[in-house]
Every structure is written in structure tokens, then in C-alpha cells.
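J.: Sending over a structure as C-alpha cells; questions will come in a sec.
2 protein chains.
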Amino acid sequence: MPDGAPVTAVEETYTISQLAEAFELTPRTIRYYEDEGLLTPRREGQQRVYTHRDWARLKLIMRGKRLGFTIAGIKDFLDLYEVGDAQVPQMRFLLNSARDRITTLEQQLRDVQQTLVDLREIEGLVVDHLARKGALDT
Amino acid sequence: MPDGAPVTAVEETYTISQLAEAFELTPRTIRYYEDEGLLTPRREGQQRVYTHRDWARLKLIMRGKRLGFTIAGIKDFLDLYEVGDAQVPQMRFLLNSARDRITTLEQQLRDVQQTLVDLREIEGLVVDHLARKGALDT
DNA sequence: CTCTGGCTTTACGTTTACGTAAACGTAAGG
DNA sequence: CCTTACGTTTACGTAAACGTAAAGCCAGAG
């Protein structure tokens, strides 16, 4: 094994359509995320090559979408995960962003919980009503 | 007091701009919700008159928006609260809707909680980093 | 009566998050 | 060499959720 050889095996890579299928997106959508700065795959010729890192970021993107964030909001959010190499002023900014985000998420948590309470009560009422009509089966 | 008079005092009503201010929306937005069938205020001449019921529905609408629901999704959601006067087939449909909604909300709950865990860890890391640099103040 | 303030309708404009079509590059297979 | 299967860029199209401008109705103040 020659000196300076990589310790790990060759990193696994993905094509755009592999990613698309894995996350149930279209290639168009993935290119769009790149345009918006959410992904920055390297190129091999003109083809995009995605790595495990892009996979992880896409997982975060999907979670952000399920939470109703905008693409721009998700971009800011992703930046928070990249906090390693920041200078102090940038750090302060990220800290504020993170805390803002935490505040709205705490509100969202309360909203989700209250809505679940409501819906479960409604479900109970409906089931009850159907039972009284002897129409609960099927 | 004449027979058939209302038991409660005259119900409190609101103009469109009163509602708009209370919920930090524009009148345009409230009319839009009416177009989409989320609100159905009565008219006095050509003016819209909103009651306590519309107020309550707007509160639910705002909660739905914070949860990232679409307007159409919120409309379906509001219908679930109006379950009193439904026939059996409609009831079954509503029951399914409610259960679907509960399922996605449970996913959303997990997403919010995990994101909060992530962000609080990031916050800890950043605070730590700033502390090491003696740059925590202000 | 006129003017103002608030409400109304109508309708076109805007942003976001992609869809979709056109036209082309390139590597593999028959 | 030709086709097929992916990939690429460019660019116009679209649905959702309002914004915004234009023009009119109508009650109360001066």
C-alpha cells in the first residue's frame, strides 16, 4: 500500500437519479436545490457526483420540508450544521439563528401536540357516533 | 322580555379590519380565505360581519399555517371540527381524514423533536466554542 | 353637499417550488 | 454507425398564496 493512500475505501458515490429515486424526488428538484445552494456536488466531466455528505444533507432537507420550511429557510438551517470553520462574528450570527429557530420550533411543537389532542378527541367522537348507529364495522 | 328572544346578549361581531389587526393579517388575506371556503361571514348590506365562530376558525387557520399546511389542507382540517351534522358515509370519510392527519402529525412531532435535539446540540457547541475564545459576552 | 374613512369588487402582478419541453453531449451495446 | 439510456443546460409554464392598484358604494362629519 503506497504511502499517502486513503485510509478508507473509495467513497461511495451516487448519480443524480439514484438520489432522486432514493428520496422520491425528480432530478429536476435536486438540480433546483443545487441552484438554491443547498447542495454542491462535485463534477466528473459535466456529470454531477454525489457523496454520503449530499445524502445526509438531503435527509435534512426532506425533514425541513416536512416541517413546512421554505427552501431558503432550509438553506439557513443547513448552514447551522456546518459550524466548524466559522469565525467569531459568524458564530454569533449562527447562534442567534439557531436560537430563533429553536423558539419557532418550540411553538410548532406545542401546535402539533394541541392539534393531536384535538384530532384524537374528534376521532373519539366520530367513532362513538358510528358505534351508536351500529355502523362501526368495515 | 318577549317570547323567543335570544337568551344571550347580542353576539359580539367584528369587521374585517378588526379581525385583520387581531391576527396580523391583511383584509385581502381574510377575503382570500373566504374565497377558498375557510370562512363564510354573513353580510349586512354589502359588508361582511364576523362572529366569535369566525374568530375561532381563524385561530385554527393560523395554527394550520404555522404547521405548514396548505390552505386546502386547512379547509379539510376545519371540516373535521364541524362533524356534528354528518351522515354515516361522510362520517367514515372524516374518520379516515382525521386518522391520516394524525399519522402525518405524529411524524411531524418526531421531526420537530429531533430537530430541537440537533439545534440544542449545535447551540451547545457554538456556545462552547465562543467561550474558549473568551467571546461569550454581549 | 362634499369630503373622508372604511368597506367592496375586479383584475392583474409576484414569489416560491418546482414541471415540462427542447436541444445537445456521451458512454454502452448491438 | 445507430440507437438507447442517461446526463446536461436553457427557458418557458404553472399552482399556491397572497400583494397591489383601480374604481365604486355608503355612512357620518363639517
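Residue numbers (the working numbering), protein chains in the order written: chain H, 43 to 180; chain A, 43 to 180. Beta carbons: idealized from backbone N, C-alpha and C, even for Gly.
(1) Got a sec: which bits of the region 140-168 of chain H sit with their beta carbon under 9 Å from any beta carbon on chain A, in order along the chain?
(2) Any beta carbon of chain A sitting closer than 8 Å to that of Gly110 of chain H?
(3) For chain H, is any of its Cβ atoms less than 8 Å away from the one on His94 of chain A?
(4) Between Leu172 of chain H and Leu122 of chain H, what straight-line distance do the alpha-carbon atoms span, to the nearest angstrom?
(5) Please confirm if Leu172 of chain H has its CB atom under 8 Å from at least one CB of chain A.
(6) Our contact map puts Leu100 of chain A next to Phe65 of chain A with C-beta atoms below 8 Å; I'd like the distance itself, whole angstroms only.
(7) To the nearest angstrom, how far is the alpha carbon of Glu76 of chain A from that of Asp170 of chain A?
(8) Determine the direct distance from the alpha carbon of Val159 of chain A to that of Lys21 of chain A, and round the result to whole angstroms.
(9) From Thr57 of chain H to Thr157 of chain H, what does the alpha carbon distance come to, in whole angstroms?
(10) Could you tell me whether the Cβ atoms of Thr82 of chain A and Glu53 of chain A are closer together than 8 Å?
(11) From the beta carbon of Lys175 of chain H, is the nearest beta carbon of chain A less than 8 Å away?
(12) Since Arg105 of chain H meets chain A, which of its residues come closer than 7 Å, beta carbon to beta carbon?
T.: The answer reads as follows:
(1) Ala140, Arg141, Arg143, Ile144, Thr146, Leu147, Glu148, Gln149, Gln150, Leu151, Asp153, Val154, Gln155, Gln156, Thr157, Leu158, Asp160, Leu161, Arg162, Ile164, Glu165, Leu167 and Val168
(2) In the first sequence, residue 110 of chain H corresponds to position 68, counting from 1. Yes, Gly110 of chain H lies at the interface with chain A (some Cβ there is under 8 Å from its Cβ).
(3) For the purposes of this step, residue 94 of chain A is taken as the residue at position 52 of the second sequence. No, because no Cβ of chain H sits closer than 8 Å to the Cβ of His94 of chain A.
(4) As a working note, residue 172 of chain H is residue 130 in the first sequence. As a working note, residue 122 of chain H is residue 80 in the first sequence. Going from the Cα of Leu172 of chain H to the Cα of Leu122 of chain H covers about 49 Å.
(5) In the first sequence, counting from the first residue as 1, residue 172 of chain H sits at position 130. It does; some Cβ of chain A falls within 8 Å.
(6) Mapped onto the second sequence, residue 100 of chain A falls at position 58. Mapped onto the second sequence, residue 65 of chain A falls at position 23. Contact flag correct, Cβ pair sits at about 6 Å.
(7) Here residue 76 of chain A is taken as the residue at index 34 of the second sequence, counted from 1. Here residue 170 of chain A is taken as the residue at index 128 of the second sequence, counted from 1. If I take the Cα positions, the gap works out to 50 Å.
(8) The question about residue 21 of chain A has no answer, for chain A in this structure spans 43 to 180.
(9) Your numbering for residue 57 of chain H matches position 15 in the first sequence. Your numbering for residue 157 of chain H matches position 115 in the first sequence. Going by the C-alpha atoms only, they are around 40 Å apart.
(10) Indexing the second sequence from 1 puts residue 82 of chain A at position 40. Indexing the second sequence from 1 puts residue 53 of chain A at position 11. Result no, Cβ atoms of Thr82 of chain A and Glu53 of chain A do not sit closer than 8 Å.
(11) The residue you call residue 175 of chain H lines up with position 133 of the first sequence. True, the Cβ-Cβ gap to chain A drops below 8 Å.
(12) The sequence position of residue 105 of chain H within the first sequence is 63, counting from 1. Correct list: Asp153 and Thr157.
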